[in-house]
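Read through the structure below, which is laid out as C-alpha cells, and then see the notes.
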C-alpha cells in the first residue's frame, strides 16, 4: 500500500527535481518510478532534459531557463495522480548463466555460509525472477531485486581489485549483473556471456530499468558458444515484451 | 586534454556519465568566437595547453582563463579569435588563474558521435578521440567552417573572482546535524589536489551525519555535494558516476558551477545557502549575461594580435590539426 507521505519532491538545486516514492528497495516503489519515467517518455514535459530512474526515485533533470521546479512539480503531481494510458511494462529477458568456475569464485563460500550445497545455491539463484531496479554506477550495470532471501549474503570486507564483466553477483539483498571489469566487494556465483554494455554494438546498452530477468543455466561448452556470439556483436539472450 | 562538447544527454539512465565540458560558459564563448555551432566539439585542457599545427588555415580561440599564447612567437590574447596558418606553430602555456581551458576551432572537431555526443569519457574508453586523452602526434579532423572570417574578442571575459559558492539544500539535507550545517555555511573549505573531472574532495571540518552515511543509491547532479562516512564533502562533476549511495547535503547552483570548477588548488570556497527559486533566477541572469556577451563580441580591428590583423578573406576549408603537446597534464 503506497505510503501517503510519498511522492516527495526534492531539489538538486535548479538542475533537477527528484521524485521520491519511498526510501527502501521495494518492487512496488520501483514500479512507480519506472511508471512515471515511461509516462514522461510517452508525453514529454516542456523543459525536461532527461530522466534517470533509480531504486526508489526518479531524477527529473530540467532547464531552469525553460521551466521552474514549481511548474515541474505541479505537472509531476498530476502525472503521478493520473498516469497516462498504460504503456509497455518493459521486457522479460532470458539470460544464459554459467555457474562456478573462475567467474564464480564465491559459489562454494556462499553455499558454506548458508549451509547449502552449491547445487542448491544455483537452483535458488537461477530459479528466481528478478526485476531490474536500476542501471547505474557503471555503463549497463544492472541492479536486480528478487534475490531469494536464503541467499542474502553480506559483501566482502574489502573489495577485490578486478572482477571480469558479465559477473552474476550477490551483495546483501541485492543481485547484479556486472557490465564492465572493475573492483567489486560483491560475491560472484558465475557469469553470463551476454554483454550488458558493448561500445561497438547497436544498441550499446541492452537491459533497462523496469525490465525483468530470468536466468537459464548453461554448461561450459554452451557458454563458450554464446561467448562467440557476443564477441561478434550478437545478443545471446531472448526477450519478450511484458504486458 | 580531451575532446568535449556540451555533454551526453539521455545516457545517464544507462549508467553512462554525462561528461561534457567542465566550464560551460568558457566553452560557449570559445565556439562563438570562432563562429562554430554552440554544440561543436572543442579541446578541453587542464592547466597545461600544448603546441599545435594545422594543414590548412583555421580560426581558433582559447578561453577559460589567462594563459600565454603565441603563434610562431607572436603573442595572442585568450578570449579572442585568431588565425592559424599551415606552417605556423601555436603554443598555449599554462593557465595562471583558472583550471580548465578551451581551444575551439572553426567548424568544430570531427570525431564520431557516441550516444549523441562527442564528449570523451576516458574511464569507459568512450567518445571523443578514440575514447582517450590526446597524446603528442595525434591528428584531429575538423569540420568545414562556415561563417565569416572576422577576428573577434570578448569585451569582458568572465571574472573568476572568488566569491560565495551558492548552494541549495538537499536532497539529503536532513541527514546532517545542525552543527554540520553551521560548519558547511560558516567555515571555508579548501580545494585539494584530489580533484579531476569526476569530482573534487574538499578539505575542511568534517560534517557529521545523523542518520548514517548510506542511502539507497540514487542519481547525482553536476554539483552534488556528497558526504561519505569520513565527513569530507566531495563535489561531483562532469564525469561523476551516475548513481551514488552517500547522502548529498546540498547542490551547487547552475550559475556558480563554472566558478566552482575553475577554483584553483589551495583556494578556499565559502558556501552560501539559497532557495531553488533564487537559484533559478540567478541561472536566468547568468544566461542573459552570457547571451549579451556573445551578441556583443567585438570585431578586432587594431589589436596587439598581429595574426588577426593579417587575416585574409578566404573560405576556411576543413583542415587537420596536428596536436603536438609539449606537456600533457592528466588531471582530466
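Chains as they are written, first to last, in the numbering used here: chain G, 1 to 243; chain U, 1001 to 1332.
Backbone N, C-alpha and C define an ideal beta-carbon position, used for all residues, glycine too.
Our two residues, residue 160(G) and residue 21(G), have alpha carbons roughly 34 Å apart in a direct line.
Put simply, the segment 1150–1169 of chain U touches the segment 8–21 of chain G. At least three CB pairs are less than 8 Å apart.
Any Cβ of chain U closer than 7 Å to the Cβ of residue 211(G) would place that residue at the interface, and such an atom is absent. Beta-carbon to beta-carbon, residue 54(G) and residue 134(G) are separated by about 5 Å, close enough to satisfy the 8 Å threshold. Under the rule that a run must span 3 or more residues, the beta strand (DSSP E) segments found entirely inside the segment 130–206 of chain G read 142–145, 160–163, 167–171, 174–177, 182–184 and 187–191. Between residue 1153(U) and residue 1065(U), the alpha-carbon positions lie close to 14 Å from each other.
The shortest CA-to-CA distance from residue 1225(U) to any of 1045(U), 1141(U), 1181(U) and 1095(U) is the one to 1181(U). The C-beta of residue 82(G) comes no closer than 7 Å to any C-beta of chain U.
The beta-carbon distance between residue 1269(U) and residue 1188(U), rounded to whole angstroms, is 7 Å. This is short enough to meet the 8 Å contact definition. For residue 229(G), the enclosing alpha helix (DSSP H) has its first and last residue at 220–231. Within 7 Å of the CB of residue 1014(U), the CB atoms of chain G belong to 135, 139, 140 and 205, in sequence order along the chain.
Contacts between residue 1115(U) and chain G, judged by CB atoms closer than 8 Å, involve 204 in chain order. For residue 1110(U), the secondary structure class from DSSP, reduced to helix, strand or coil, is strand. In terms of Cα proximity to residue 1256(U), the closest of 1246(U), 1249(U), 1271(U) and 1247(U) is 1271(U). Comparing alpha-carbon positions, the option among 1083(U), 1016(U), 1274(U) and 1006(U) lying closest to residue 1057(U) turns out to be 1083(U).
Put simply, the CB of residue 1109(U) is far from chain G, with every gap to its CB atoms at 7 Å or more.
For residue 216(G), the beta-bridge partners assigned by DSSP are 96(G). The beta-carbon separation of residue 1128(U) and residue 1111(U), rounded to 6 Å, stays under the 8 Å limit for a contact. For the segment 1224–1257 of chain U, residues whose beta-carbon sits nearer than 7 Å to a beta-carbon of chain G comprise 1224, 1241, 1242, 1243, 1251, 1252, 1253 and 1254. Put simply, the backbone Cα of residue 144(G) is about 13 Å away from that of residue 167(G). By alpha-carbon distance to residue 95(G), the top candidate from 243(G), 236(G), 240(G) and 225(G) is 236(G).
Residues of the segment 181–199 of chain G whose Cβ lies closer than 7 Å to any Cβ of chain U, in chain order: 199. Contact between residue 184(G) and residue 163(G) is confirmed by a C-beta separation of about 5 Å, below the 8 Å threshold.
Buried is the label assigned to residue 1022(U), since at least 16 other Cβ atoms lie within 10 Å of its Cβ.
Judged by their CB atoms, residue 97(G) and residue 197(G) are not nearer to each other than the 7 Å cut-off. Unbroken beta strand (DSSP E) stretches of 3 residues or longer found wholly inside the segment 1033–1100 of chain U: 1042–1046, 1050–1054, 1058–1063, 1069–1071, 1074–1076, 1081–1084 and 1090–1092, given in chain order. In this structure, 59(G) is the residue among 90(G), 156(G) and 59(G) with its C-alpha nearest to the C-alpha of residue 1244(U).
In the three-state DSSP reduction, residue 1156(U) falls in the coil class, being neither helix nor strand. Taking C-beta separations shorter than 7 Å and ignoring five residues to either side along the sequence, the partners of residue 1197(U) in its chain run 1022, 1237, 1238, 1239 and 1332, following chain order. Fully contained in the segment 22–78 of chain G are the following alpha helix (DSSP H) runs of length 4 or more, in chain order: 27–42. Across the set 1093(U), 1258(U) and 1121(U), the C-alpha of 1258(U) shows the shortest separation from the C-alpha of residue 1160(U). Taking 7 Å as the threshold, the shortest C-beta distance from residue 1119(U) to chain G does not fall below it. Residue pairing for residue 1218(U): DSSP places it in a beta bridge opposite 1244(U).
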